[in-house]
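In my numbering, the protein residues as written are 5 to 483.
Beta carbons: idealized from backbone N, C-alpha and C, even for Gly.
Keep in mind that this is a model prediction, so the values were computed, not measured.
Single-structure report; data block below.
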RNA sequence: GCCGAGGUGACAGAGUGGCUAAUGUGACCGCCUGCAGAGCGGUUUUCCGGGAGUUCGAAUCUUCCCCUCGGCACCA
């Protein structure tokens, strides 16, 4: 089976063949840290986290780089607005971002470079572009990339013509700019007196937005990447600018073999934006929903499609995920009562079948929706087998291992380092719980249903669910 | 204007040229249970935006039309 990937560059589904063997350099554009991250960020980074994990699952050696843009106009303006030091501000939100990612079980990248720690390398790169004639310095001291020299390459990624681009942006063009050509983009910008800036051969200033990714992807990855990812909104101008710069810097083509872009997240069918007042930070949503639910919700959609966020959808995702978790918990209980050397009752075949189906789905451009669909089928069958037959220990252990194996890729069964306070309020120890169950069992023996139910209700309120089965009472923590 | 995504059951959302189309949620019925929960079985389900064409056969290919959403140099 071959892994297929949709490549924005060619707009086609392509067989995935890395530049060199099993080694993959993968770069995903990180956030600009001028505020807490929002759900759109979560969508993007969870999507690429799953892609990364799946590549590892398929035996690739993945070097995953994701930067932090900790200085740019937005950071500066926000800092000014609230009267804070820009570096303190970006440090604070960098911390907030890493915390969110951790809560959502997004694995930390192999490298997480910051712009402010790479100013000399950025200056060096800009210098080399000036030297090879693809960048120019203006009288104000700004440095721009000279797109007229890239000629027909304008639109390589966005697939737009220069005319189309100019027309769309018509009213937004900054009249004061000193560019030679309107589509030229900044590599270095002069900073006004008193603003955060660095000395450079062209005066005190700051890097343009795009050059950082070029520099850092080369430093921590390679001159040529296998996968470059980010949100669809980055296709133009950001990623296209990266292509121009990087290929001019290195003389190597392509800068990245595959370009992957995740779709947007809308809120109640509308684009998330501050002006519409439908802007949710990850932290806000975590107050209402467990991290696992959010991760499941995002993973249960294809990374390229637009996904609509609303509370009902999240609740539905939570119930769906719960179904899978219940099955896992059912298997665990069954395991404790399973015969040492029982029959596998077809479980092993079922696991093998499901694994193949999972891989088939994921190989198709990371079709997580279908992959999870297979998990539901699997779980239903596992439940059936367990009610009808008595599978042996080994086969049940295999089933649990299989769930873990899947979780390594999707991360949807992680429990549950949510920031949601109500999730961790259960102050009862295991002994307390077992004690109450004992009392309730006695009541049940005496057919004192009232008392038994009261205990059950009480525990339920504290997040402990009791289930009476043939083999006795089972309990689990749930919120 | 240019570029892109999409229109599938109550809702969400997969999908292959050919057994009346996955999966989840919801609703209802049944089994199990003291009850509940979890689970299982069944029903809701011939549902593929519209027209024309290609084909023995299309939701799936071609073409035209209608509609929705998004991007176009702040943006994941």
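### Task
Give a yes or no on whether the C-beta atoms belonging to residue 207 and residue 296 are separated by under 8 Å.
Cβ distance not < 8 Å, so residue 207 and residue 296 don't count as in contact.
### Query
By Cβ distance, which residues of its chain are closer than 7 Å to residue 355, with the 5 residues on each side in sequence left out?
Answer for residue 355: 402, 403, 406, listed in chain order.
### Query
Can you check whether the CB of residue 195 is closer than 8 Å to the CB of residue 212?
no
#### Entry: Spatial neighbours of residue 480 in its chain, beta-carbon cut-off 7 Å, leaving aside the 5 residues before and after
333, 469
### Task
May I have the straight-line CA-CA distance separating residue 473 from residue 358, to the nearest angstrom?
28 Å
### Task
Using only alpha-carbon positions, find the residue among 110, 52, 228, 193 that is nearest to residue 22.
Nearest C-alpha to residue 22 among 110, 52, 228, 193: 228.
### CB of residue 187 within 8 Å of CB of residue 151, strictly
yes
### Message
Per DSSP, what are the beta-bridge partners of residue 312 in this structure?
### Response
270
### Query
Given that a residue counts as buried once 16 or more other Cβ atoms are within 10 Å of its Cβ, and exposed if not, what is residue 5?
exposed
### Message
Taking the alpha carbon of residue 4 as the reference point, which residue from 106, 192, 408, 169 has its own alpha carbon closest?
### Response
Residue 4 lies beyond the residue range present for the chain, which begins at 5 and ends at 483; the question has no answer from this structure.
### Task
Give me the Cα-Cα distance between residue 438 and residue 382, rounded to the nearest whole angstrom.
Going from the Cα of residue 438 to the Cα of residue 382 covers about 32 Å.
#### Entry: Whole-angstrom distance between residue 453 and residue 236, CA atom to CA atom
58 Å
### Query
Do residue 45 and residue 276 come within 8 Å of each other at the CB atom, strictly closer than that value?
Contact: no.
### Query
According to the Cβ coordinates, are residue 262 and residue 11 closer than 8 Å?
yes
### Query
Does the segment 102–109 come close enough to the segment 279–298 that 3 or more CB-CB pairs lie under 8 Å?
They touch, by the three-pair rule.
### Length-filtered (4 minimum) alpha helix (DSSP H) runs lying within the segment 303–369
Within the segment 303–369, the complete alpha helix (DSSP H) runs of at least 4 residues are 315–340, 351–367.
### Query
If you scan the segment 105–152 from start to end, which runs of the alpha helix (DSSP H) of 4 or more residues do you find wholly inside it?
Taken in chain order, the complete alpha helix (DSSP H) segments of 4 or more residues contained in the segment 105–152 are 123–135.
### Task
Out of 367, 330, 397, state which residue places its alpha-carbon closest to the alpha-carbon of residue 339.
397
### Query
Would the beta-carbon of residue 511 fall within 8 Å of that of residue 126?
Because the chain is modelled from 5 through 483, residue 511 falls outside the range shown and cannot be assessed.
### Query
When you compare each of 416, 250, 444, 317 to residue 272 by their alpha carbons, which one comes out closest?
317
#### Entry: Bounding residues of the alpha helix (DSSP H) (the contiguous stretch that carries residue 434)
It spans 434–449 - the alpha helix (DSSP H) in which residue 434 sits, taken as one unbroken run.
### Query
Among 88, 477, 411, 137, which one has its Cα closest to the Cα of residue 442?
477
### Message
Tell me the residue span of the alpha helix (DSSP H) that contains residue 388.
### Response
372–392
### Query
Of the residues 351, 50, 365, 183, which one's Cα is nearest the Cα of residue 388?
351
### Message
Alpha carbons only, please: which of 307, 315, 303 is nearest the one belonging to residue 292?
### Response
315
### Query
Roughly how far, in whole angstroms, is the beta-carbon of residue 116 from the beta-carbon of residue 70, given that I think they are within contact range, below 8 Å?
6 Å
### Task
Pick out whichever of 40, 72, 30, 81 has its Cα sitting closest to the Cα of residue 56.
Ranking 40, 72, 30, 81 by Cα distance to residue 56 puts 30 first.
### Message
Which same chain residues end up closer than 6 Å to residue 343 when comparing Cβ atoms and leaving out the 5 residues on each side of it in sequence?
### Response
396
### Query
Counting pairs of Cβ atoms below 8 Å between the segment 124–139 and the segment 78–90, do you hit three or more?
no
### Three-state secondary structure (DSSP) of residue 183
coil
### Query
Which one of 204, 124, 147, 160 has the shortest CA to CA distance from residue 185?
The option with the nearest alpha carbon to residue 185 is 147.
### Task
Can you give me the Cβ contacts of residue 423 inside the same chain, cut-off strictly under 8 Å, excluding the 5 residues immediately before and after it?
The pLDDT assigned to residue 423 is 40, lower than 50, so where the model puts this residue is not dependable; a value taken from the coordinates is nonetheless given after this. Only 107, 287, 290, 291, 295 meet the Cβ criterion.
### Query
According to DSSP, which residues form a beta bridge with residue 60?
Paired residues: none, contrary to the question.
### Helix, strand or coil at residue 492 [DSSP, three-state]
Look at the range of the chain in this structure, 5 to 483, and you will see that residue 492 is not part of it.
### Query
Who does residue 211 pair with in a DSSP beta bridge?
DSSP lists 192 as partners of residue 211.
### Query
Roughly how many whole angstroms lie between the Cα atoms of residue 336 and residue 467?
19 Å
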